[in-house]
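Working notes for the structure below.
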Amino acid sequence: MAKILIVEDNEMNRDMLSRRLERKGYQIVMAVDGGEGVEKATSETPDLILMDMSLPVLDGWEATRRVKANPATSGIPVIALTAHAMAGDRDKTIEAGCDDYDTKPIDLARLLGKIEAQLQKVKDASGVA
Amino acid sequence: MRWKPRSLTLKLTLATVLTTCVILVVTILVNYLGARNAVEQQTNADAQKEAESAAGNMDIYVDRVAVLPRTLAARQEVVQGKSAEFTLPLVAHLLDSLPTDAAYGAYVVFDEKPLSDPDSMVWVDRESLPGPRVPPGGYRDRSLEWYAAARNSRQVHISEPYFDNGGSNTELISVTRPILDRDGKFLGIAGADISMELVRAIVSTIRFHQDPSATVEPSLSEYAFLVAPSGRIMAHPNEALVMKQGFAGALVSGLAGGEAIAATSEGVVSVVENGVPRRVYWSTASETKWKVGLSIPESEITSLANDLARRTAAVASLAIVFLIIIMTIMGRHLVGPVRRLTVAAEGVGSRRYESVVELDAVARRSDELGTLAQSFRNMVEEIANREKSLQEAEERLRQSERHFRSLIENTADIIAVLDRQGSFRYASPSISRVLGVTSEASLNRRLLEFIHPEDLEKLRDAFHEAIGSWGGSTQVQARVHDVAGTGRIVEITFNNMLDNESVSGIVANIRDITERRRAEDMERDKEAAESANTAKSNFLANMSHELRTPLNAIIGYSEMLQEVAEDDGHVDYLADLKKIHSAGKHLLELINDVLDISKIEAGKMDLYLEDFSPHQLLEDVQGVIAPLAQKNSNQFVIDTDGDLGRMHADVTKMRQSLLNLLSNSCKFTHNGTVTLRVRREESWMSFEVIDSGIGMTKEQMGKLFRAFQQADSSTTRKFGGTGLGLAISRHFARMMNGDITVSSEPGKGTVFTMQIPVNVVPRAAEMPATTENAKGESAAVDPLPATAAVVLVIDDDPVVADLMRRSLSKDGFRVEHAYSGEEGLKMARQLRPDAITLDVMMPQMDGWEVMTRLKSDPELADIPVIMLTIVDDRKTGFALGATEYLTKPFDRERLTAVLSRTAPERSSRLALVVDDNPDNRLLLRRILEPEGWTVVEAANGAEALASTDARRPDMIFLDLMMPEMDGFEFVERLRANELTQSIPVLVVTAKQITPEDRQRLSGGVQNILQKATASPADLVAQTRELLTARIRAALPAGVR
C-alpha cells in the first residue's frame, strides 16, 4: 500500500485527513511543520507528500524546494494543499516544484483522484525506467 | 500747394531768361550803337558819293553834247567857209544823230559874215529839222558870252545859263568851240544848245534814297539842286530861286548853309529847313564846275539805322522767346522728376509707400536725378521695411498685451489693485463671480466692506503689514459676503507694489477657496472612507482565512462521519450529518464570495490563463449542476453545436462563473428546464444560460450585477446566496475581455449570456482600470466619458502620478502617465493629449529637454505644456514655451483651472449601432457607453436611415447582413446624402468579406471589423482611433 506523508500544522486537519486516507487503505506518516516534513521525507521515503503551504518554522514552498533539491527525495511527487480558494498561489506552488495542487477544504474524491494520478505517474515512470 | 513745385520751374526760367535778356540787350545795344554809327558814316559817304556821281553825270552829259561843236569845228567844209547849202545838211545830220534829250540845237557861226547875212549862221534846232532856223529878228548877239568866251578861249566853252531872246526864247546853256584854219586863224564858232528845262528835269530826278516817283511830304522829301560856277542856282525845286527871263537866279550863298557850299568844292552841312533837320551834301563836277547839292532829311539817314534797330530788336525778341521755350522745356525736364520726387516724398510722409512706383521712370535716368530717385526709392523701401517691422512689433506687443490682459481677466482669481486706504482701483472681471459686483461698481469701494466682521481685524493686520514694507507680501484667509449673501471663503494675498511705478498700489490676489475648502473636506472624508474600505477588504481577506480553517474541520469531519456512519451502519445519523455538511458548504460559499469581492476591491484578483477543452469544462459543470437541477425538479440540458475546439482562458473563473449562473437559474426555476447553450462564434465562445423560471423586471435587472444588491432582499431569504455571485462572475468575464449580459421578462424566464474570447490575451496594463471599474460599480462613481480631455503627466515619481490621476479624474480629466522624458515624448505622439504636465527633475532626459523637443516637433508644438516642478525657474520655463508654470506641491484648484482653460472637454459623441441581433447591439452599447458615447440603436438599414435623419450620429457601427435593408444598401444611401456622407462607418460583421463586398463598400466605410477576430478591446481601440483621426481632421489645432 502506498505510503503518504502529510505535512500539516493544523491538528484537526491532520487528524481528519489521516484518518480518512487510512480508511481508504493508505499508510500515513505525519509531520507538523516544514522542517519535520523535509526530515520525514528523507527518513520515511514516502510514495507521495501532501504539503500544506502555510506552515510554521519552514513554509510549504521552502520545504518543497528542499525536498525537490535533494536527489534522494526529488522523485517523490508533492501535492500542495492551499487554503486559498482562488488558487491564487497555483503558479507559485508549481514553481516551487510541486507536482499538483488542491485547495482546502478537501474534496476527498477529487484529492483521491489527484493522489492516484501522481502515484500512477511515478509507477509509469519507474516501469519505463 | 500746387504753386510751389511750379515755382522752381518759373524761378529757374525767369532767372535764366532775365540774365540772358540783360546780356542780350546789352550786347544788342552795344552792337546797335556801333552798327548805327557805321551805318551813319556809310550813309554819309554814300550820300557824298551820290552827289559826286551826280556831278560826274553832269560832266558826262555835257561832254556828250560837246561832241557836236568839236565835230563841226573839225569839218573841212565848215573850215573852208562854204555856203549854207553845204553846211546845213551836215549840221542837221549831226543833231539828228544825237539823242533828243542831249542837245536842243546845233549851229555854225562864221565870224567874217555880218549878222545881217543869212549865211553868217547855219542853225538847226529840234523844231526846225531838217530845215534851218532863221529868227525873224536876226541872229543872236555875238558879243554875248556864248560867242565871246569861245572866241577868246579857243577851246570848248560851257556858258552860264541865259535866256535866249534871239530865236528860241528859252533858257539855254551853250557849248561852243572856235573854228580855226590851218594857221590858227579864227574863222567862227560851232556850237550846241542844252535846254535848261532838260537839265532841271535831270536834276529833279536825282535822289539818294527816296524813290523819285513816291509821294512824300515835301518838307521831308529829298531833293537835289544845281549851282553854276558863278554861284547862281541853276536848278532847284524852289522855282523862285532859279534863273529865268530877266532874273539871273539866286546865289547859293543865300541858302541855309549856302556859304559853305559856295566856299568849297564839296562837303556836307547840316541845316534846318522849315523846322526839319537836313543834311546837304555837295560836289563839283570837274569839267563843267557845276555844283550838285543833295538835301536829305536827317530822318532819311537815320531810318537805315532805325531799320537795323528794328531788325535787331526782332531778332532779339525771337531769341528771347526761343530762350523761354527752351528754358521751360528744360525746366520741365529737370523739375518734372523733382516734382515726382516731391510727390513721392509727400506720399512717404502720409505713409503711402507705393507712391515710389511713380519714380520708376525717373530712376531709369542715368543723370543725377536718376541716382537721386534710385537712392530715394531705396531709402523709402528701407523706411517701408522698418515701418512694417515696427508695425509687426507693435502688433506683437498688442497681442502680448491682449494675452496678458486675457490671462488676468480670465483667471478665476480676482486680481485687484488697491490704494493705501484699501479701496479698489482696479479689479478683474472675476470679482462679479466672487463678490457679486462688477469691476466698475467695485471702483473706490473698500475691500473691507466685503469682509465678514469677525475677519476684519485679521484682514486689516495683513493689509497693514503688507503696506509696512516695500515689496512686502502677506496672505490671509477671510470670509466674505457677496451681494447675494452667500458666504464664501477667500484667500487674499497682498503684494506691496507701491514703489512699482506701473502699478503703484497694493496688488491683491483674491482667490475663492470655498470650493477648495469644500473639496478638501470631501477629499478628507473620501480618503477616510477609502482607507476604511481598504481596511475592510484586508480584514475580510484575513477573516475569511480564519473562518475557513474551522469550516474545513466542520465540513471535513461531517463528511468523514457520514462515510463512517454509512460504513458502520448508523444510517439514522446520516440525515443530520448531511445537514451539518451542507450548511458548512453553504457557509464556505458565502465566505468565498466575500473573499472574491474583497480581492476584487483590493485589486488583487489575477488571471491564470491556460489551454483547456470547453467540453471538459462542461462535463465538470454538469457534474455539479445536474444534482442541483434535480432538487427543483428541473431538467438540465447542455446544448452544444459540434466541436468547440480548445480555449485559452482562466478556466477556474469560467467554471465559477458558469456554476454561479446555472445555480442561480436552478434556484429560481421549478419544474422547468435550465439549458446551457454553448456556441463557438468565430473567435468568441458564447455560453447562454436559459431558464423557464420566474424572470425579472427591468428594475431588478438593473441591480443585478451590483455587489451586495440582490434583485430583491426577500429573495435572499427565500433562496439563499450572497448576491455577490453575478457581480463576481461578470467581473471575471470582463477580466477576460468578455462580458455577461442578461435579458429577462417577469414570469417568462431569464437568459444570461456569457461571452469569452476563445483566446484571452492578458491585459496586465488594464488590470488597475478594471479594478477601478469594479470599485466604480460599488461606489457608484461614473466612469470618465470619452469626451474627457486627456492630460499626459510626465513625472518620474509614481506618487505624483497617482495623486494627479486621482485629483484630476475627479475634475473630469483623463490622465495618462509617463515615467520618463522619452516615454513622455512617445506617448505624446501616440495620444495627442490636450495638455501635458511636465516635471523638470527627471533622470536621463530632464524636463527642459522634453520641453525643447515637444516645441520643436510641429505636430506636438501646439499642445499646451504646464510645468509642474519644485524647480522655480519660471523664466526658462516660459522662454521654452510653457503655457503655465506651477511649483510643487501643486495647488489642485489652480492646476484644474489652468487645465480647464488650456484643455477644454471634448464634445460628447453620438453612436448609432445598426444590427438586427439585439445581443450584438447590447454588446456594443456596453463597450461604448463606459467610453462616454451616447448610443442609439437600429435593427436594420431603414431604421438606421430614419435615425440618421432625426439626429446625425458622429459614428455608425454597422452590421452587413440584416433584413429589410442590408448594410450595403444602407451605406450607398448614406453616402448619396450630402448631409450624412461624411459620417464615419465602422463595419462590424460576422460575414466573410469577399473582394466583391469590399468593392461595394469601397470608400463608403472607414474600417471593417470581423466579429470573429474583434475583441471588445479591439472595437474600443478602433473606434477611438477612427474618431480621434476624424476629430483632428475636422478641428484646427489648438481647439482640440
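These protein sequence lines are chains A and B, in that order.
In this text, residue positions in the first sequence follow my numbering: the first is 313, and each later residue adds one.
In this text, residue positions in the second sequence follow my numbering: the first is 172, and each later residue adds one.
No residue lacks a Cβ here, since even glycine has one placed at the ideal position from N, Cα and C.
Only a predicted model underlies this, so the values are computations on that prediction, with no experimental measurement involved.
Cβ neighbour criterion (16 or more within 10 Å) applied to residue i
{"i": "R450 of chain B", "result": "buried"}
{"i": "A950 of chain B", "result": "Low local confidence applies: a pLDDT of 31 at A950 of chain B is under 50, so the model's placement there is unreliable, with the coordinate-based value given in what follows. It is exposed - the Cβ of A950 of chain B has fewer than 16 other Cβ atoms within 10 Å."}
{"i": "E852 of chain B", "result": "exposed"}
{"i": "E471 of chain B", "result": "buried"}
{"i": "A746 of chain B", "result": "exposed"}
{"i": "W641 of chain B", "result": "exposed"}
{"i": "F1141 of chain B", "result": "buried"}
{"i": "T1165 of chain B", "result": "exposed"}
{"i": "L204 of chain B", "result": "exposed"}
{"i": "F575 of chain B", "result": "exposed"}
{"i": "P1207 of chain B", "result": "Residue placement at P1207 of chain B is poorly supported in this model, since its pLDDT is 36, which falls under 50; the coordinates still yield a value, given next. Looking at its Cβ environment, which holds fewer than 16 other Cβ atoms inside 10 Å, P1207 of chain B is exposed."}
{"i": "A700 of chain B", "result": "exposed"}
{"i": "R535 of chain B", "result": "exposed"}
{"i": "G425 of chain B", "result": "exposed"}
{"i": "E737 of chain B", "result": "exposed"}
{"i": "V647 of chain B", "result": "buried"}
{"i": "M328 of chain A", "result": "buried"}
CB contact flag (residue i, residue j, <8 Å)
{"i": "Y275 of chain B", "j": "I365 of chain B", "result": "yes"}
{"i": "F281 of chain B", "j": "G359 of chain B", "result": "yes"}
{"i": "F783 of chain B", "j": "V822 of chain B", "result": "yes"}
{"i": "D810 of chain B", "j": "R848 of chain B", "result": "yes"}
{"i": "L494 of chain B", "j": "V197 of chain B", "result": "no"}
{"i": "M405 of chain B", "j": "W317 of chain B", "result": "no"}
{"i": "N930 of chain B", "j": "S854 of chain B", "result": "yes"}
{"i": "M1126 of chain B", "j": "L1157 of chain B", "result": "yes"}
{"i": "N323 of chain B", "j": "S390 of chain B", "result": "no"}
{"i": "T417 of chain A", "j": "L830 of chain B", "result": "A small correction: the amino acid at residue 417 of chain A is Pro; Thr does not occupy that position in the sequence shown. Against a cut-off of 8 Å, the Cβ pair of L830 of chain B and P417 of chain A comes out as no contact."}
{"i": "V1021 of chain B", "j": "G992 of chain B", "result": "yes"}
{"i": "V1252 of chain B", "j": "V279 of chain B", "result": "The structure shown has nothing for residue 1252 of chain B, since chain B only spans 172 to 1211."}
{"i": "I579 of chain B", "j": "S603 of chain B", "result": "no"}
{"i": "L618 of chain B", "j": "L627 of chain B", "result": "no"}
{"i": "L1083 of chain B", "j": "V1107 of chain B", "result": "yes"}
Contact belief for residue i with residue j at Cβ below 8 Å, rounded distance in angstroms
{"i": "E730 of chain B", "j": "H752 of chain B", "result": "6 Å"}
{"i": "V1159 of chain B", "j": "L1129 of chain B", "result": "7 Å"}
{"i": "V962 of chain B", "j": "L979 of chain B", "result": "6 Å"}
{"i": "M834 of chain B", "j": "L799 of chain B", "result": "The sequence given here has Ser at residue 834 of chain B, not Met. With a Cβ gap of about 6 Å, S834 of chain B and L799 of chain B count as contacting."}
Examine the Cβ distances between the stretch 1035-1045 of chain B and the stretch 1009-1024 of chain B and report whether three or more of them are shorter than 8 Å. Contact between the stretch 1035-1045 of chain B and the stretch 1009-1024 of chain B is established, with three or more Cβ pairs separated by less than 8 Å.
Counting pairs of beta carbons, one from the stretch 340-358 of chain A and one from the stretch 372-390 of chain A, are three or more of them closer than 8 Å? Touching, per the Cβ criterion.
Anything in the stretch 754-776 of chain B with a Cβ closer than 9 Å to a Cβ of chain A? List those residues in chain order, please. Taking 9 Å as the upper bound on Cβ-Cβ separation, chain A lies near residues G755, K756, L759, I762, N763, L766, D767, K770, K775, M776 of the stretch 754-776 of chain B.
At a Cβ cut of 8 Å, what residues of the stretch 313-333 of chain A count as close to chain B, listed as they run along the chain? Under the 8 Å Cβ criterion, the stretch 313-333 of chain A contributes N322, M324, N325, M328, L329, R331, R332.
Contact set between the stretch 823-840 of chain B and chain A, restricted to residues whose Cβ is under 8 Å from the partner: For the stretch 823-840 of chain B, the set of residues with a beta-carbon nearer than 8 Å to any beta-carbon of chain A comprises T823, in chain order.
Do the stretch 834-844 of chain B and the stretch 796-803 of chain B make contact, defined as three or more Cβ pairs closer than 8 Å? Touching, yes.
Select from the stretch 726-738 of chain B all residues with a C-beta closer than 9 Å to any C-beta belonging to chain A, and list them in chain order. Here the close residues are I726, G727, Y728, E730, M731, E734, V735, D738.
For the stretch 690-697 of chain B against the stretch 658-670 of chain B, do three or more pairs of beta-carbon atoms, one drawn from each stretch, fall closer than 8 Å, so that the two count as touching? Judged by Cβ distances under 8 Å, the stretch 690-697 of chain B makes no contact with the stretch 658-670 of chain B, as fewer than three pairs qualify.
Any 3 or more C-beta pairs closer than 8 Å across the stretch 1045-1062 of chain B and the stretch 1097-1112 of chain B: These segments do not touch.
At least 3 beta-carbon pairs within less than 8 Å: the stretch 214-228 of chain B vs the stretch 259-273 of chain B: The stretch 214-228 of chain B and the stretch 259-273 of chain B do not touch, with fewer than 3 CB-CB distances between them shorter than 8 Å.
Under 8 Å: do the stretch 504-513 of chain B and the stretch 236-243 of chain B share three or more Cβ pairs, one atom per stretch? Flag = no, the stretch 504-513 of chain B and the stretch 236-243 of chain B do not touch.
Does the stretch 375-383 of chain B touch the stretch 267-274 of chain B, meaning 3 or more C-beta pairs lie closer than 8 Å? Below 8 Å, too few C-beta pairs join the stretch 267-274 of chain B and the stretch 375-383 of chain B to call them touching: fewer than three.
Can we say the stretch 910-925 of chain B touches the stretch 777-791 of chain B, given the rule of at least three CB pairs closer than 8 Å? Flag = no, the stretch 910-925 of chain B and the stretch 777-791 of chain B do not touch.
Are the stretch 340-347 of chain A and the stretch 360-375 of chain A touching by the rule of at least three beta carbon pairs closer than 8 Å? Touching, per the Cβ criterion.
Using 8 Å as the Cβ pair cut-off and three pairs as the minimum, do the stretch 283-291 of chain B and the stretch 388-402 of chain B touch? Not touching, per the Cβ criterion.
The stretch 213-222 of chain B contacting the stretch 451-459 of chain B, beta-carbon criterion three pairs below 8 Å: In short, these stretches touch, since the Cβ pair count reaches three.
Residues, ordered as in the chain, of the stretch 1108-1133 of chain B that lie near chain A by beta-carbon distance below 8 Å: Flagged: no residues at all.
Could you tell me whether the stretch 814-828 of chain B touches the stretch 921-928 of chain B, using the rule of 3 or more Cβ pairs below 8 Å? Under the three-pair Cβ rule at 8 Å, the stretch 814-828 of chain B counts as touching the stretch 921-928 of chain B.
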